[in-house]
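Each step along the sequence shown adds one to the number in the working numbering, with nothing skipped, and position 18 is 13. In this text, a Cβ means the ideal position worked out from N, Cα and C, and glycines have one as well. Written out below as structure tokens is the structure these notes cover.
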Amino acid sequence: AWLEERVERDIGRPTDTELRAAVDAIAKRLLVEDLSNGLPQRIRQGEAADRPQPSPRSPDARTGVG
-4 AWLEERVERD IGRPTDTELR AAVDAIAKRL LVEDLSNGLP QRIRQGEAAD RPQPSPRSPD
56 ARTGVG
């Protein structure tokens, strides 16, 4: 009886190789979607946000006005 329950529980579970292949396929698909939906632009925007911005109290280096 326990063997039958175990077999029923395990039916439909992918093997490690099948699971790894499915995960790889999903990861590649998500990467392609990100690249085609503007990921590089979002990264550039994030890099710009990481740069230090001039303090509103300190003079702007370009204009000398604070």
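query	result
Secondary structure at alanine -4, three-state DSSP: helix, strand or coil?	coil
For tryptophan -3 and isoleucine 6, I'd like the C-alpha separation in whole angstroms.	14 angstroms
How long is the line joining the alpha carbons of alanine 20 and glutamate 0, rounded to whole angstroms?	31 angstroms
Measure the alpha-carbon distance for alanine 17 versus glycine 41 and round it to whole angstroms.	31 angstroms
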